[in-house]
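First comes the structure, then the notes that go with it.
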Amino acid sequence: MEVRSLAGYRDRAAYTGLGECRTAGRMSVSVVMPCTVDHLVVGAASLDAGCTFVADLLGELPLPGGVHPQLGTHNAVLSLGGSVYLEVIAIDPDGKTPAFPRWFSLDSDQTRADLEISPRLLTWVVRTPAIASLKQLDAYAGCKVRSMSRAHLRWQFAFTADGQCLAGGLLPHVIQWQGSAHPVDVLPPGNCRFSGLHGESLDAVQINLALAQMGLCDSLSCAESDTHAASFWALIDTPRGSVRL
């Protein structure tokens with residue numbers, strides 16, 4: 036990804052709401068595709084294992100979602116307040132092998148090995164009313180938008196060519212819901228609340244630039260890392276206190 040005029044982008048940025056993201060330093064970035072946080076994605080070797088993991092950590096059990104026949108996966112969901120939710124996703128043992136790589140790195144040998152040890156936060160998803168603008172973002176070059184459905188829900192989703200998460204999960208996948216239906220519509224409110232996303236990466240400057248182009252400056256704080264491995268976590272407010280996922 037080509038990076039230009041990055042002076043000051045190590046500072047945490049704030050979205051102005053006027054079509055640009057501005058850093059606390061000297062840089063302003065035009066928003067190409069406005070987005071908001073939609074949901075967090077927790078992967079698991081099995082759906083039961085993932086739901087148990089979330090229930091033990093957050094004190095609330097995700098509810099059954101449904102199956103994704105095109106991808107051979109199934110999920111469970113939990114409200115995180117407002118229009119944000121948590122998705123537990125796993126390969127459906129009764130599903131068919133998809134014609135293209137599964138989303139969220141679920142076909143990766145490394146991801147499968149990691150999930151056999153424990154469920155974990157894989158990435159996050161943002162929604163936009165303008166997914167056609169994705170082609171203007173260098174960080175999403177090669178992504179293919181496909182139409183998806185589950186029960187009464189219809190959406191468009193930007194898949195990476197190899198099914199891998201972007202930037203170790205730090206860059207979100209992008210969704211555009213079709214119509215007014217959304218998963219949170221049928222979820223009880225619960226007691227857990229999404230608080231924020233944080234991460235570290237050697238590519239923090241490039242990641243922050245891409246987030247700024249989506250109007251997400253204030254959604255994830257990515258700091259520079261002195262190691263090669265990217266790290267990524269979410270904070271959830273629960274009746275037990277703040278929990279790191």
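Each residue of the sequence shown is one higher than the last, beginning at 36 in our numbering. Backbone N, C-alpha and C define an ideal beta-carbon position, used for all residues, glycine too.
Membership of Gly204 in any beta strand (DSSP E) is not indicated, and neither H nor E is assigned to it by DSSP. Listed in chain order, the alpha helix (DSSP H) elements of length 4 or more contained wholly in the stretch 130-171 are 144-152. For Asn226, the secondary structure class from DSSP, reduced to helix, strand or coil, is coil.
By the beta-carbon neighbour count (other beta carbons within 10 angstroms, threshold 16), Gly117 is exposed. For Thr163 and Ser236, the gap between their C-alpha atoms comes out near 25 Å.
Considering only Asp83, Gly225, Gly203, the residue with the shortest C-alpha distance to Ile124 is Asp83. Around the Cβ of Ser182, a 10 Å sphere holds fewer than 16 other Cβ atoms; the residue is exposed. Per DSSP, reduced to three states, the secondary structure at Asp173 is helical.
With a cutoff of 8 Å on beta-carbon distance, Pro97 and Val119 are scored as not near each other. Taking every protein chain shown into account, the CB of Thr158 has 16 or more other CB atoms within 10 angstroms, so this residue is buried. One thing to note: Gly78 has its Cβ no nearer than 8 Å to the Cβ of Thr132.
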